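What follows is a short report on a single structure.
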Amino acid sequence: MRILLVQGSGATRSIELRRTHMAAFGLLLFGALAVLTSGFNPSASWDRMTANDAGIAPVKIALERIVGDIGRDSSSLADLRLRFESASAAQDRMLARMQARLLRMEAFGSRMVEAAELDAEAFDFSGLPPVGGPQIPHTRLQAKLPGCPPTVSFAVKLAMRSKL
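Take any residue in the sequence shown, note its place counting from 1, add 3, and you have its number in my numbering.
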């Protein structure tokens with residue numbers, strides 16, 4: 004969250020609050036409201052609570068617990084960020100190696116086409132490779148053997164029996 008402060012002279016200043024800061028600020032406001040609504044006496048200290056201030060103790064304990072949780076969460080978030088950055092760097096290095104190998108393979112392929120005196124139009128290494136498969140409908144590609152349907156149905160029946 005970004006808060007923009009505008010002065011009377013027209014100068015601006017921005018304050019950026021992260022999620023952890025916003026959560027801590029919200030908890031602080033919640034605690035302040037809880038303390039004010041429970042009859043907080045500013046002259047009384049936290050260490051010397053009287054019977055009238057007994058309602059503040061659970062709020063203080065809850066706030067301390069929440070602040071501790073926020074500290075643990077922020078440290079685990081920093082650890083996760085470091086692990087993500089190292090994994091991302093490792094993947095970047097692996098991708099760079101793969102791209103280098105691909106470039107070498109394409110160069111080797113173009114040299115092989117020249118050395119073997121093949122048709123250069125059939126082996127074009129300057130553009131993207133073609134994508135797709137044969138122009139035959141999918142149903143014509145499937146083999147139909149006479150013994151397959153009973154075998155498949157028998158396997159299905161066995162699977163159904165094992166589920167029961």
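We treat Cβ as the ideally placed atom computed from N, Cα and C, and that holds for glycine.
The structure displayed is predicted, hence computed values, not measured ones.
For Ile18, is the classification buried or exposed, using 16 other Cβ atoms within 10 angstroms of its Cβ as the cut-off for buried? exposed
Do Ile69 and Leu30 come within 8 Å of each other at the CB atom, strictly closer than that value? yes
Compare the Cα-Cα distances from Lys63 to each of Val116, Glu120, Ala90 and Phe33 and report the closest residue. Phe33
What did DSSP end up calling Glu117 once you bin it into helix, strand or coil? helix
Taking 6 Å as the limit between beta carbons, can you name the residues of its chain near Ser77, skipping five residues before and five after? Thr23
Cβ pair Ala26, Ile73 closer than 8 Å: yes
For the beta strand (DSSP E) containing Leu31, list its first residue and its last residue. Not the beta strand (DSSP E): Leu31 falls in the alpha helix (DSSP H), residues Arg22 to Thr40.
For Ile59, is the classification buried or exposed, using 16 other Cβ atoms within 10 angstroms of its Cβ as the cut-off for buried? buried
Residues of its chain near Leu20, where Cβ-Cβ distance is below 8 Å and the 5 sequence neighbours each way are ignored: Met4, Arg5, Ile6 and Phe28
What are the start and end residues of the beta strand (DSSP E) that includes Leu7? Arg5 to Val9
Which value, in whole angstroms, describes the spacing of the CA atoms of Ser89 and Leu83? 10 Å
Rounding to the nearest angstrom, what Cα-Cα distance links Val9 and Phe128 in this structure? 59 Å
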